[in-house]
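So the sequence shown is numbered by the working numbering: it starts at 131 and just counts up by one.
Heads up: the structure comes next, in C-alpha cells.
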Amino acid sequence: MSSSAFQRVNVLPMDEYNKKLVSYVHPPDWVNPKPADCYDLVVIGAGTAGLVVAAGAAGLDVGLKVALVEKHLMGGDCLNVGCVPSKCIIRSSRVIAEMKDAGAFGVHPPEKIEVNFSAVMERMRKLRAGISHHDSAQRFQKIGIDVFLGEGHFLRNNRIEVGDNILRYKKAVIATGARAVRPSIEGIEEAVFLTNETVFSLTQCPERLAVIGGGPIGCELAQAFHRLGCKVILFHRGSHLLNKEDADAAEIVQNVLIQEGIQLVLSSQMERVVKTAEGKTLYYTSGNGKKQSVTVDEILVGAGRAPNVEGLNLDAVGVEYDRKGVTVNDYLQTTNPKIYAAGDICMKWKFTHAADAAARIVIKNTLFSPFGLGRSQLSSLVMPWVTYTDPEIAHLGMYEHEAQEKGIEVNTIKIPFSSVDRAIADGEEDGFVKIHHQKGSDTILGATIVARHAGEMISEVTTAIVNKVGLSGLSSVIHPYPTQAEGIKKAADAYRRTLLTPTSKKILGLLTKLS
C-alpha cells in the first residue's frame, strides 16, 4: 500500500454526526491503494454519477478493474449539501406549517409555536450521517473498487495523476459535478455569503435572511428558512419566480410564498453589498427603478450552478469544454473517444436521478458496446423533475410552448384539485394536474402537477410515456378512491370524453337501441 497526501476535510460543525459523516465519505486515516497496472475504467468524481458508474462496473463481477477518485466528499452534493440535508429541513418546516394551519381542520394549535432551530439542524446532520455509509470509501473498497482520495487530473497517454500515484486506464469517466455560482456583486465576497454548500452548517437561525435567486433552490430554501423563523426577503431578476416552469404552477407557488410572509423583490438588480456593524446591507434597484437597501444577518445565494472543470487538465487529453461544462455527444462521449462524462459536469438536467440515469448509459457505452454497437442515447431519457416547495411542482416532458415551437399541435387538459375529493378533504385544493397531448391523438407530450406531494405522483405519467401508454390507457387504470392521484385519471377521462363527437354519439345511441 502506498499513501498519497490528500487534504483532510472538516464539515462544520464537527459534532459527533459530522465526524461520523466524514469518517465514511472522506476518512482522515485513509490510505490510497497501490494502483493496478491498468484499469478498465477510472472515474473522477464520487458524486451520484461517479458512484453509480463505479459500482455498476465493479458489480458486474466479470473481473473489471475499476478506480474511483474523489478530492472532497464521497456522495457529492446530493448526500452532503443538496438533496438529503435540504429535504430534512424542508420536512421540519412542513411540520411548522401544518401546525399553523391546524385551526382549519378543527385542531387548536398552540398560541406560540416554538422552533428549536439548532435541533432541526442537528436532526438533519444525524440523518445525513446515518445514511452516509451507503456512499462510503470503505463500502466501495469492499465491492472491489480502488478508491483514491485526492485531486485527480489527466496526463497524456491514458494516465491520471492522483497525488504521487499514476493510474493508467482503458476508459475514463469525468463525473466531477458542479458548484454554486459565485455572484459578481460588488462587496459580496467581503461581506461573506452562504450557498447550498455552506448553509447547512448553520447552528443558529439568522433573524434576517436575504435569498438571491428565485429558481428552485432559492424558492425551496427561502420557504423552509422562513417557516423555521427567519424573516426572509427573496430577490429575483425575473418578473416572476420559477420563470422556467409552467406559468400557472409558478404563480401558485409565488402566491403561497407571499401569503406566508416572504417579501419578494422581483425584476430586481443587485448593485452592491456592504458589511456594517448592523449586518450586511444590500443595495439594489427594484422593478420600478427605485434604488433601495435592506440590512440582513445572512445572504444566501441560490442563482445557478457552474461546472467543476478546473484542475482536470482537460486540454492535455483533447477534451473540449466551455462555461456550461464538458462537451459530450448523445452517447455521453467527450471529444476524446476514450473519455466519457456524466452528471452535472456535462448535462442540462442537474438532478440526482438524471445523474443516475446518465451513469447507466455510460456503463453500457463504455463497457458493452463494442465498435459502438448498441449504444444508449441521452436523448432517449424521459426526465421528470420536482421543485420541492410546498406545494411541490413536478414536471415531465414538453411544456406547451416547447411543443408549439417544434411545430407540434397540442391540446392541454387541466384538472384543478378543487374537483378532486381527496384534495378537498386534505385542504389542498390550490394545485392541478395538467397534461399536454398531441392534437388528434392520446400521445402524452408532457405534464405538470402542483400538489403537496406532486413528486410522488409524476412517476405514473412518466411510466406511461416510457411505455408508450396514452391517455386512453391511463383512463383504464383503476385508481384507489379517494387519492389525489385520481386527478391523473380525471385528466385521462377528460380526454376520452373528447372522442364523443356528434357522429359517435349517434352510433352509440343506435347500439343501445339494438342491445
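Built from N, CA and C at the ideal position, the CB exists for glycine as well.
Reduced DSSP secondary structure (H/G/I, E/B, other) of residue i
i	result
D276	strand
I523	strand
Y414	strand
A471	strand
Q334	coil
L181	helix
A197	strand
V395	strand
T628	helix
V362	strand
Q422	strand
E316	strand
E616	helix
L324	strand
P158	coil
V329	helix
N373	coil
P346	helix
R138	coil
V383	helix
Where residue i falls, given that 16 or more other Cβ within 10 Å makes a residue buried
i	result
V196	buried
A249	exposed
R627	exposed
P215	buried
H531	exposed
Q389	exposed
D167	exposed
Y611	exposed
A472	buried
T631	exposed
I273	exposed
R453	exposed
P239	exposed
K405	exposed
G504	exposed
G260	exposed
A184	buried
P346	buried
A354	buried
I637	exposed
P514	buried
Nearest to residue i (by Cα), restricted to the options the options
i	options	result
T415	I296, R490, S634, G368	G368
V211	K149, R309, G186	R309
P163	I261, V292, Q384, L412	V292
G409	I382, A472, A446, P336	P336
V424	L412, A433, L430, R435	L412
V152	V192, L209, N459	L209
S331	H583, M144, T519	M144
G432	R552, T328, A584	T328
E281	V456, E228, H202, N246	H202
D427	A232, A594, C360	C360
E146	L194, D191, K256, G175	K256
L279	S266, R289, R286, L285	S266
K536	E558, Q568, L641, D560	Q568
Q271	T592, G189, Q137	G189
L297	G307, P500, I342, R286	R286
T519	G205, I220, A187, A176	I220
V580	Q534, A533, N385, P521	P521
Cross-strand partners of residue i (DSSP beta bridge)
i	result
H283	E291
P514	L526
Y299	Y169
T406	G409
R309	A436
M204	Paired residue(s): none; M204 is not in a bridge.
K341	Note on residue identity: the sequence assigns Val, not Lys, to residue 341. DSSP lists L364, L430 as partners of V341.
M400	Y414
I174	V199, I304
Those runs of the alpha helix (DSSP H) which lie wholly inside the stretch 530-614 and span at least 4 residues: Annotation note: the stretch 530-614 contains the following uninterrupted alpha helix (DSSP H) runs of length 4 or greater, listed N- to C-terminal: 530-535, 551-556, 584-596, 601-605.
Contained alpha helix (DSSP H) runs [length at least 4] in the stretch 221-273, N- to C-terminal order: Segments of the alpha helix (DSSP H) lying fully in the stretch 221-273: 247-261, 267-272.
In chain order, which continuous runs of the beta strand (DSSP E) of length 3 or greater are located wholly inside the stretch 439-512? The stretch 439-512 contains these whole beta strand (DSSP E) runs: 469-471.
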